[in-house]
Structures are given as C-alpha cells and as structure tokens.
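Visitor:
In this note's numbering, the protein residues as written are 210 to 420.
1. Which of helix, strand or coil does DSSP assign to residue 232?
2. Measuring straight from C-alpha to C-alpha, what distance separates residue 365 and residue 372?
3. Identify which residue in 307, 270, 312 and 348 has its Cα closest to the Cα of residue 380.
4. For residue 386 and residue 235, which I take to be in contact (beta-carbon distance under 8 Å), what is that distance rounded to the nearest angstrom?
5. Under 7 Å between the Cβ atoms of residue 226 and residue 272?
6. Going by C-alpha to C-alpha distance, which of 263, 341 and 270 sits closest to residue 243?
7. Span of the beta strand (DSSP E) holding residue 284?
8. For residue 420, which residues in the same chain have their Cβ closer than 8 Å to its Cβ, ignoring the five residues on either side in sequence?
9. Using the rule of at least 16 other Cβ atoms within 10 Å of the residue's Cβ for burial, across every protein chain shown, is residue 260 buried or exposed?
10. Report the start-end ranges of each beta strand (DSSP E) in the segment 289-337 that is 3 residues or longer and not cut off at the edges.
11. Which term fits residue 241, buried or exposed, when burial requires 16 or more other beta carbons within 10 angstroms of its beta carbon?
12. Below 6 Å CB to CB, which residues in the same chain sit around residue 400 once its five sequence neighbours on both sides are set aside?
13. Quick one: Cα of residue 403 to Cα of residue 293, how far?
14. Smallest Cα separation from residue 298: which of 378, 220, 388 and 383?
15. Report the partner residues of residue 350 according to the DSSP bridge assignment.
This is the structure:
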C-alpha cells in the first residue's frame with residue numbers, strides 16, 4: 210500500500226512534467242497545447258524507500274504514460290535519467306527520475322505484470338486514521354497465462370521511440386510512452402488501464418522472456 214502525504218511540492222508534479230515532457234523525442238508535437246492530467250497510479254517498493262508513480266497526461270488528442278520514481282538520495286549511475294530535484298515539505302529533497310531507467314520501477318512493474326496484482330492502493334493518514342484515496346486510473350495486470358505459450362508482442366520499428374525497452378532479470382519489458390487509445394491487443398502477460406471516459410482497456414506495458 211502507498212502512503213500519500215499531505216505535503217507541498219516545489220516544483221509540483223504538473224509543473225515538472227510541463228517542463229520536461231516537451232524535451233523528449235517521443236512526446237507528441239501539438240503546437241503549444243498545454244498538458245492536462247488524466248490520472249495516476251502507484252506500485253509498491255518492497256523496501257519502502259522509493260516512490261513509484263505513473264502519470265497519464267493528455268496533450269491534444271494524445272495520452273502519454275510517464276512513470277516516475279522519487280528517491281531520497283541520488284541513484285548511482287542513473288544521471289542521464291534524472292529529471293530534477295523536488296522539495297517535499299515532509300520528506301525533504303527528492304530526486305525525481307524517468308522510471309524507465311530505475312531498477313526499482315523495473316522490479317515493481319515485472320512483479321505486477323507477472324503476479325496479476327496491478328496497482329498499489331493509496332491512502333492518507335489523518336490522526337492515525339487511514340483514509341483511502343479513490344483510484345483515478347484502474348489498472349489490470351494479466352499475470353502469467355496458465356498453460357499457454359507466450360506469444361510475441363508488438364515490435365516497434367527502429368525509429369519508433371514511443372516504446373521504452375527495459376531488461377529486468379529474465380524478462381524484457383516494453384513500456385508504451387504514447388498510448389494507443391483504440392485498445393491495441395497484445396499477448397499476456399501485460400498491463401492495461403481504463404479511466405473515466407476511456408472504457409476500452411489501453412495497453413501500458415507487456416513482458417516477454419529475455420532473448
């Protein structure tokens with residue numbers, strides 16, 4: 210479960226995304242349209258040290274998936290994935306990373322997809338009383354298909370930057386950056402999502418045995 214603090218953030222998350230996303234080669238170029246929050250969800254870090262949050266952001270007719278990790282200290286060797294630092298009024302300075310370069314995210318995403326557990330429930334604590342936070346995005350993880358051979362997932366071409374590739378132990382993960390809202394099919398194990406106004410499940414990520 211993910212404990213969320215009542216805290217002030219500088220910069221806040223939408224300011225961070227509005228500054229960083231237009232610098233990404235995979236970000237849709239839609240003039241000067243502002244980005245709008247669609248929703249977000251979290252995974253648990255088994256060690257309780259890393260915040261793992263995925264944002265869905267709309268720009269024009271497109272929706273992009275932006276996984277972030279929040280750390281209390283720099284991640285060694287991940288300088289190129291560092292987005293910025295953020296001041297958190299409860300936790301202090303947080304180092305914010307593109308999660309596709311963070312092993313904590315790779316581990317959490319793999320565990321979610323293969324186990325079928327999906328996202329972590331989120332809650333506040335008010336005077337020792339837990340207050341559950343409604344989900345803004347509903348995430349479904351398929352788990353491993355029982356008794357079936359794993360089929361090939363969709364393979365982006367060499368110039369396609371809209372899918373991030375991550376090696377996670379014995380698995381190759383594919384994380385979709387620019388989402389296909391028509392509901393692109395993929396063989397399980399996979400992760401899909403719906404949200405208000407998007408009833409067709411949208412592919413977020415899938416896993417294949419490492420080659």
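No residue lacks a Cβ here, since even glycine has one placed at the ideal position from N, Cα and C.
Guide: Judging by the given coordinates:
1. helix
2. Here the model assigns residue 365 a pLDDT of 45, short of 50, so the residue's position is not dependable and the matter cannot be decided.
3. The residue with the shortest Cα to Cα distance from residue 380 is 312.
4. 5 Å
5. Residue 226 places its beta carbon 7 Å or farther from that of residue 272.
6. 270
7. Neither: residue 284 is in no beta strand (DSSP E) and is coded neither H nor E.
8. 381
9. buried
10. 291-297, 301-307 and 331-335
11. By the 10 Å Cβ count, residue 241 comes out exposed.
12. Excluding sequence neighbours, residue 400 sits near 322, 350, 413 and 414.
13. 29 Å
14. 220
15. Looking at the DSSP assignment, residue 350 forms a beta bridge with 400.
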